[in-house]
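Here the structure is laid out as structure tokens; the discussion comes afterwards.
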Amino acid sequence: MVAPPDAGPDLPTDASVIERSWQDPERFGVIFDAYFAEIHRYVARRLDVEAADDIAAETFHVAFRRRKRFDLSRDNARPWLYGIATNLIARHRRTEARRFRALARLGDDGPAGGHEDRVAAQVSAEHERSRLAQAVGALSADQRDVLLLVVLADLTYDEVAQALDVPYGTVASRFSRARAKLRKALGGVDPLHDQEGPIDG
Amino acid sequence: MDELQAVRELFPETPPPAARVTARARRRATGAAGRRLPRLRWALPGLGLVAAATAVALAVGSAGSAGDGPKRPVPTSSLPLDGRAVFLAAAEQAERQPMGGYWYCDQISGQSYLLKAGYAVIGAHLETFEWTGAAKGSGGRFYGRDLPARPATPEDEAVWERAGAPTSFRVMSNGHPMTYTRKAGRWEEDKGGQHSGGRFFLMGFGKELTTQEVLALPTDSRTLAKRFLSPPSPRRPGAKRGPAPVSNAYKLLRAADLLTSAPLPPKVGAGLMRALVAQPGVHTIATASDALGRQGVALAVDQPSWGWDLRPDGTFVRKDNGYRTQEQLIFDKKTGALLAEQSVLLTPGGEYRSRKPGFVIDYWLIRSYGWTDRRPSPPPALPFR
């Protein structure tokens with residue numbers, strides 16, 4: 001947030017700010033200021049702006065109330081906040097399903113006129129996007145969480161593992177399986193010989 | 202096209218949250234009830250802003266001193282030997298508490314604010330209730346509700362009543378206005394707090410522990426001190442700086458957190474209490490009381506007169522407070538249960554120059570915690586009248 005732990009002597013880590021907020025609640029405003037826009041953006045992209053208004057606010061409300069549950073051995077609060085947001089998003093599966101249906105829908109008005117090749121390219125891109133949206137929507141919730149935390153939120157595997165409270169290996173495996181499914185949906189070669197069924201722990 | 206880039210492009214960028222949305226969310230994220238329109242009654246935070254300190258002192262000083270009530274803890278009656286004996290007896294009692302099917306913890310947090318009108322209120326007043334089933338699959342929930350802001354001491358209550366007993370208190374907090382009201386909120390279940398049970402979060406493990414793992418924690422006080430009262434490590438590999446040294450006050454807070462995070466077996470809790478009292482800088486107070494009027498034996502750590510202050514750019518700067526505080530953990534003498542953790546004014550000065558020693562700057566009260574055989578639910582009754 002404010003600075004990485006080794007940036008300077010007086011720059012607090014998230015952990016030190018949260019620890020102070022135990023007794024001085026307004027300190028939690030520092031965490032809010034550092035991450036609210038980012039969490040909102042993630043939820044808004046994944047669901048929609050209205051859901052993001054609610055979920056991002058709820059994320060920080062929950063985080064504030066549970067601030068004594070933050071593991072102070074972790075300097076950075078980002079994964080923790082994404083973890084809370086992910087749990088809340090899980091309550092909006094229907095909104096999310098609707099979102100993917102909307103993303104998968106082909107443009108109603110068809111491609112704009114123009115050179116034949118360009119029209120063909122547009123149609124192809126449109127279909128590809130639709131296939132991709134369907135594929136992302138068809139992922140298991142666990143795989144989709146990992147994929148989107150990595151791709152949209154730019155979390156590392158390690159941070160995703162912290163956020164979701166699962167082992168690192170589980171994150172890596174969910175991610176590569178999700179990726180393989182998408183590649184397949186886009187017509188690429190599936191390097192993993194993707195298997196359906198039980199995924200991981 | 203790379204499928205990951207394609208996914209990134211599938212989700213278009215969105216506009217940033219509206220200022221109104223952000224402001225409202227921020228109030229909820231810092232403990233303000235923030236639902237009613239505030240009356241313009243300015244107060245300043247009990248801790249924090251450098252620039253505010255003078256104004257607070259002026260405001261409070263001109264209205265006469267609103268001191269401490271009879272129920273306030275008195276940090277001066279420190280009796281190292283007696284206190285220690287009483288404390289160790291309490292630790293022995295902590296070994297004898299029975300187990301049940303559900304573990305719960307009901308906590309209240311609040312912070313004092315000095316108002317211009319010459320009295321102090323407790324704001325950011327929240328109660329949280331959480332429970333976890335011992336067995337896997339038996340569930341767990343987390344609830345919270347806003348508690349009414351209240352005058353901090355009986356003297357403050359008198360001044361507040363003379364001021365017409367206003368029902369909302371507007372405070373400035375690090376440049377953000379917040380309003381605390383006399384209204385109690387309803388219990389709300391935190392949507393992110395549901396879990397299946399049988400697991401507990403204990404700080405420092407980096408993961409949740411199963412009930413069995415919690416029950417198998419070491420009981421020896423030296424092992425416990427090493428395990429729990431040492432720096433929060435390991436840091437991430439590659440971090441350049443090692444763990445910061447652990448302050449004695451932090452050790453108290455850490456222990457309080459452990460005791461209220463999971464059903465530590467009685468012998469583990471007792472071992473932790475013995476580990477605490479053996480720490481340098483930790484002394485005992487034979488009799489202390491909390492905001493609910495409960496008396497007990499306390500462990501205390503005197504704090505230095507300086508602290509960190511928040512700058513507008515979000516960084517911290519070292520600042521001399523001009524006052525000293527003491528962190529206290531209060532334990533029930535009969536059961537050894539943790540009753541409260543509170544920060545108490547030791548030497549008045551600075552923002553608190555008009556307050557008497559013993560003034561409670563903030564508190565975290567453990568209303569109750571422990572095992573029960575029935576699935577718990579948050580208590581409807583308010584903790585304060």
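Chains as they are written, first to last, in my numbering: chain A, 1 to 201; chain B, 202 to 586. Quick reminder that beta carbons are idealized off the backbone N, C-alpha and C, glycines included.
Alpha carbons only, please: which of A:95, A:154, A:83, A:124 is nearest the one belonging to residue 142 of chain A?
Taking the first sequence and counting its residues from 1, one reaches residue 142 of chain A at position 142. When only C-alpha atoms are compared, the closest one is A:83.
Going by Cα to Cα distance, which pick from B:289, B:555, B:214 is closest to residue 535 of chain B?
In the second sequence, residue 535 of chain B corresponds to position 334, counting from 1. The shortest Cα separation from residue 535 of chain B among B:289, B:555, B:214 belongs to B:289.
Whether or not the segment 69 to 80 of chain A and the segment 162 to 169 of chain A are in contact is what I'm after, with contact meaning three or more pairs of Cβ atoms, one per stretch, closer than 8 Å; do they touch?
Judged by pairs of C-beta atoms under 8 Å, the segment 162 to 169 of chain A touches the segment 69 to 80 of chain A, as three or more such pairs exist.
Do we get a CB-CB distance below 9 Å when we pair residue 143 of chain A with the residues of chain B?
For this step, residue 143 of chain A is matched to residue 143 along the first sequence. It does not: the Cβ of residue 143 of chain A has no partner Cβ on chain B nearer than 9 Å.
Where do the ends of the alpha helix (DSSP H) carrying residue 478 of chain B lie?
Stepping through the second sequence from its first residue, residue 478 of chain B is reached at position 277. For residue 478 of chain B, the enclosing alpha helix (DSSP H) stretches over residues 467 to 478.
Residues that DSSP places opposite residue 31 of chain A in a beta bridge:
Here residue 31 of chain A corresponds to residue number 31 of the first sequence, with the count starting at 1. Answer is none; residue 31 of chain A lacks a bridge partner.
Please report the distance separating the alpha-carbon of residue 175 of chain A from that of residue 184 of chain A.
In the first sequence, counting from the first residue as 1, residue 175 of chain A sits at position 175. In the first sequence, counting from the first residue as 1, residue 184 of chain A sits at position 184. Cα to Cα, the separation comes out at about 14 Å.
Is it the case that the segment 144 to 157 of chain A contacts the segment 56 to 66 of chain A, given that we only count it when at least three CB pairs across the two stretches are under 8 Å?
They do not touch, by the three-pair rule.
Taking residue 327 of chain B and residue 453 of chain B to be in contact with their CB atoms under 8 Å, please state how far apart those CB atoms are, rounded to whole angstroms.
Taking the first residue of the second sequence as position 1, residue 327 of chain B is located at position 126. Taking the first residue of the second sequence as position 1, residue 453 of chain B is located at position 252. Not quite, the Cβ-Cβ distance comes to about 21 Å (not below 8 Å), so this is no contact.
Report yes or no: do three or more beta-carbon pairs, one from the segment 332 to 343 of chain B and one from the segment 382 to 396 of chain B, lie closer than 8 Å?
They touch, by the three-pair rule.
According to DSSP, is residue 504 of chain B part of a helix, a strand, or is it coil?
Translated into the one-based positions of the second sequence, residue 504 of chain B becomes position 303. Coil.
Spatially closest choice to residue 218 of chain B from A:21, A:23, A:54, by CA coordinates
Along the second sequence, read from residue 1 onward, the residue named residue 218 of chain B stands at position 17. Shortest Cα-Cα distance from residue 218 of chain B to any of A:21, A:23, A:54 involves A:54.
Bounding residues of the beta strand (DSSP E) (the contiguous stretch that carries residue 156 of chain A):
The count along the first sequence starts at 1 and reaches residue 156 of chain A at position 156. No beta strand (DSSP E) holds residue 156 of chain A; DSSP gives it neither H nor E.
Same chain, Cβ closer than 6 Å to residue 336 of chain B, five either side skipped, listed in chain order:
Reading the second sequence from its first residue, position 135 is the one you call residue 336 of chain B. Answer for residue 336 of chain B: 399, listed in chain order.
Could you tell me which of B:498, B:493, B:480 sits nearest to residue 487 of chain B, measuring between CA atoms?
If you number the second sequence from 1, residue 487 of chain B lands on position 286. Residue B:498 is the option with its Cα nearest to residue 487 of chain B.
Inspect the beta-carbon positions of residue 567 of chain B and residue 543 of chain B and report whether they are closer than 9 Å.
Translated into the one-based positions of the second sequence, residue 567 of chain B becomes position 366. Translated into the one-based positions of the second sequence, residue 543 of chain B becomes position 342. Cβ atoms of residue 567 of chain B and residue 543 of chain B: not closer than 9 Å.
C-beta neighbour in chain B for residue 31 of chain A, strict 9 Å
On the first sequence, position 31 is the one that residue 31 of chain A refers to. Between residue 31 of chain A and chain B, the shortest Cβ-Cβ separation is below 9 Å.
Answer yes if the segment 422 to 431 of chain B comes into contact with the segment 363 to 372 of chain B, meaning at least three C-beta pairs across the two stretches below 8 Å, and no otherwise.
Contact between the segment 363 to 372 of chain B and the segment 422 to 431 of chain B is absent, with fewer than three C-beta pairs closer than 8 Å.
Would you say residue 14 of chain A faces chain B, with C-beta separation under 9 Å as the test?
On the first sequence, position 14 is the one that residue 14 of chain A refers to. Interface annotation, residue 14 of chain A: not in contact with chain B, CB-CB separation never under 9 Å.
Between the beta-carbon of residue 472 of chain B and the beta-carbon of residue 502 of chain B, is there less than 9 Å?
To locate residue 472 of chain B, count along the second sequence from 1; it is residue 271. To locate residue 502 of chain B, count along the second sequence from 1; it is residue 301. Their beta carbons are not under 9 Å apart, which means residue 472 of chain B does not touch residue 502 of chain B by this criterion.
Between B:582, B:210, B:465, B:549, which lies nearest to residue 130 of chain A when the distance is taken from Cα to Cα?
Position 130 of the first sequence holds residue 130 of chain A. Residue 130 of chain A has its Cα closest to that of B:210, out of B:582, B:210, B:465, B:549.
Give the DSSP bridge partners of residue 551 of chain B, in chain order.
Position 350 of the second sequence, counted from the first residue, corresponds to residue 551 of chain B. For residue 551 of chain B, which the question treats as bridged, DSSP gives no partner whatsoever.
From the beta carbon of residue 26 of chain A, is the nearest beta carbon of chain B less than 9 Å away?
Here residue 26 of chain A refers to the residue found at position 26 of the first sequence. Taking a beta-carbon distance threshold of 9 Å, residue 26 of chain A counts as an interface residue toward chain B.
Is residue 324 of chain B helix, strand or coil by DSSP?
To locate residue 324 of chain B, count along the second sequence from 1; it is residue 123. Strand at residue 324 of chain B.
Anything in chain A within Cβ reach of residue 544 of chain B, meaning under 8 Å, just list it in chain order.
Your numbering for residue 544 of chain B matches position 343 in the second sequence. Under the 8 Å cutoff, chain A gives 23.
With a threshold of 9 Å between beta-carbons, can residue 147 of chain A be considered close to chain B, or not?
For the purposes of this step, residue 147 of chain A is identified with residue 147 of the first sequence, where counting begins at 1. The C-beta of residue 147 of chain A comes closer than 9 Å to at least one C-beta of chain B.
Please report the distance separating the alpha-carbon of residue 420 of chain B from that of residue 465 of chain B.
Here residue 420 of chain B is taken as the residue at index 219 of the second sequence, counted from 1. Here residue 465 of chain B is taken as the residue at index 264 of the second sequence, counted from 1. Distance between the alpha carbons of residue 420 of chain B and residue 465 of chain B: 10 Å.
Which residue from B:325, B:397, B:321 puts its Cα closest to that of residue 366 of chain B?
Residue mapping note: residue 366 of chain B aligns to position 165 of the second sequence, counting from 1. Measuring from the Cα of residue 366 of chain B, the nearest candidate turns out to be B:321.
Bounding residues of the beta strand (DSSP E) (the contiguous stretch that carries residue 348 of chain B):
Residue mapping note: residue 348 of chain B aligns to position 147 of the second sequence, counting from 1. DSSP places residue 348 of chain B in no beta strand (DSSP E); its state is neither H nor E.
Can you find a C-beta in chain B that's less than 9 Å from the C-beta of residue 46 of chain A?
On the first sequence, position 46 is the one that residue 46 of chain A refers to. Yes, its Cβ sits closer than 9 Å to a Cβ of chain B.
In this structure, what does DSSP give as the bridge partners for residue 379 of chain B?
By one-based count along the second sequence, residue 379 of chain B stands at place 178. According to DSSP, residue 379 of chain B bridges with B:372.
Under a CB-based cut-off of 9 Å, is residue 358 of chain B close to chain A?
Within the second sequence, numbered from 1, the residue matching residue 358 of chain B stands at position 157. No, residue 358 of chain B lies away from the interface with chain A (no Cβ there is under 9 Å from its Cβ).
Please list the residues of the segment 208 to 230 of chain B that have a C-beta atom closer than 9 Å to any C-beta atom in chain A, keeping them in chain order.
Going along the segment 208 to 230 of chain B in chain order, one finds 208, 209, 210, 211, 212, 213, 214, 215, 216, 217, 218, 219, 222, 223, 225, 226, 227, 229, 230 with a Cβ nearer than 9 Å to chain A.
In chain order, what residues of the segment 73 to 92 of chain A put their CB closer than 8 Å to some CB of chain B?
Those would be 73, 74, 75, 84, 87, 88, 91, in chain order.
Taking beta-carbon pairs under 8 Å, can you tell me which members of the segment 316 to 347 of chain B lie near chain E?
Within the model displayed, chain E is absent; protein chains A and B are what it includes.
To the nearest angstrom, how far is it from the Cα of residue 348 of chain B to the Cα of residue 582 of chain B?
Looking up residue 348 of chain B in the second sequence gives position 147. Looking up residue 582 of chain B in the second sequence gives position 381. When rounded, the distance between both Cα atoms is 11 Å.
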